[in-house]
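What follows is a set of notes on a single structure, which appears directly below.
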Amino acid sequence: MTAPDAVTWQKILYKRQPFPDNYSGGDEQFLSELKKNLSAVKYTYWEAVFGVARLVFHLNLIVLLYITFEYVFANVLTADLLAVGLISTSIVLYIVYAFVMTDTNIDFLDHFYTVVVLFLFGYATTPAIRTLTDTISTDTIFALSFITALISCVFHDYGINAPIVSYQLSVSSGLSSAVFLLSRLNSNDLAFVMLSMAFALHAFSPFIRPPATPTCLNSKGVHPTTHGLIVFSAVRAEQVRVTGGPNAPIRGAWLHPLFPHDDTHPAPALYLSVFCVNADR
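Reading the sequence shown from the start, the letters are residues 11 to 291 in the working numbering.
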């Protein structure tokens, strides 16, 4: 049965029409009303760059923790040297966060109280934490640490609203990957410093990570003071220059390594890189 040509079909359920029940207006009507990619989100080039920067930032933190553990495990880094590097880096990044990256008033006394409580609690529980996995073989420890690090990467909040995102699970998995490694260290002091470093990287790094959107650009196309993305790089290089186009150059300068080195023990593949984005439109 075909639809009569003299009558125009209307998409009204309760109206009697000389058409079969399964008639939908023909192919042209169906295709004209077909909607595609309703949930698709279009991102600009810079939004994609800044989004990937968050992923790379978290991956670099994971690699940074493993590189540091490797040098501690090989007795290249001592607890004192690692503690000095961690404290100095934390102070510098906290100053950058407090006076550059945030616009809200910060309760410094409350932050200091939180740090003291975490310090005392961590120092008191480190001996027990370090002996939790003593009886497990080293190969199993490394495998479990790697698996929990992957879980942290999967569930980490990269600025995307998705059901799989869980900040608590990501931080817990990241800390678990470090806890597994503590049993292979020789002293409680090294274990405490490594635990503090893991907690700082996983719990406090979201406050200084790159933005999800290019907020450094204003309506005229360039911020008066160029926005810097501070990321830890696990790639050893002296200088890098990446060009994103004639009007959007990206220049990155690799600073000195964070740890001393010599010919016997080369420096860890760890450099502090600052990417500056200029987008003159």
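Even for Gly, the Cβ is constructed at its ideal location relative to N, Cα and C. In this text the structure is predicted, and so the values were computed from the model without any measurement.
query, result
"Find out if the Cβ-Cβ distance for the pair F118, L191 is shorter than 8 Å.", "no"
"Can you tell me whether DSSP reads D144 as helix, strand or coil?", "coil"
"So what's P30 in DSSP terms, helix, strand or just coil?", "coil"
"List the endpoints of the continuous alpha helix (DSSP H) containing H212.", "Careful: H212 lies outside any alpha helix (DSSP H) and carries neither H nor E."
"Checking 8 Å against the spacing of the C-beta atoms, do S187 and S162 come in under that value?", "yes"
"Going by beta carbon distance, what residues of the same chain come within less than 7 Å of R219, once the five residues before and after it are set aside?", "R64 and F67"
"Can you tell me whether V17 is buried or exposed, with buried defined as 16 or more other CB within 10 angstroms of its CB?", "exposed"
"In whole angstroms, give me the CA-to-CA distance for T54 and V62.", "12 Å"
"DSSP three-state call for I139: helix, strand or coil?", "helix"
"Pick helix, strand or coil for V17, following the three-state DSSP scheme.", "coil"
"Could you tell me which uninterrupted alpha helix (DSSP H) segments, each at least 4 residues in length, are contained entirely in the stretch 47 to 90, listed from first to last along the chain?", "55 to 83"
"Just to confirm, is the Cβ distance from L75 to L195 under 8 Å?", "no"
"Please report the Cβ distance between L179 and F156, rounded to the nearest whole angstrom; I am assuming they are in contact, meaning their Cβ atoms lie under 8 Å.", "Wrong, their Cβ atoms sit about 17 Å apart, outside the cutoff."
"Let's see if you can read the secondary structure: which residues bound the alpha helix (DSSP H) around L179?", "Y177 to L192"
"With contact counted as at least three CB pairs below 8 Å, one residue from each stretch, are the stretch 16 to 30 and the stretch 121 to 133 in contact?", "no"
"Comparing alpha-carbon positions, which option in L200, S176, A84 and S215 lies nearest L91?", "L200"
"Do the CB positions of S206 and L96 come within less than 8 Å of each other?", "yes"
"Nearest by alpha-carbon distance to F202: which of E43, S147 and V82 is it?", "V82"
"For a test of the three-state rule: what should DSSP assign to D149, helix, strand or coil?", "helix"
"Applying the 10 Å Cβ sphere with the 16-neighbour rule, what's the burial state of A153?", "exposed"
"Alpha carbon to alpha carbon, what distance is there between E57 and F209?", "29 Å"
"Are the beta-carbon atoms belonging to I72 and A172 less than 8 Å from one another?", "no"
"Quick check on L205: does DSSP put it in helix, strand or coil?", "helix"
"What is the DSSP secondary structure of N171, reduced to helix, strand or coil?", "coil"
"What number of angstroms, rounded off, separates the C-alpha of P216 from the C-alpha of G36?", "54 Å"
"Below 8 Å between beta carbons: does that hold for F40 and S49?", "no"
"What span of residues does the alpha helix (DSSP H) with L41 cover, start to end?", "G36 to E43"
"Would you tell me roughly how many angstroms separate the C-alpha atoms of I170 and F60, rounded to the nearest one?", "12 Å"
"Under the three-state reduction of DSSP, which class applies to S197: helix, strand or coil?", "coil"
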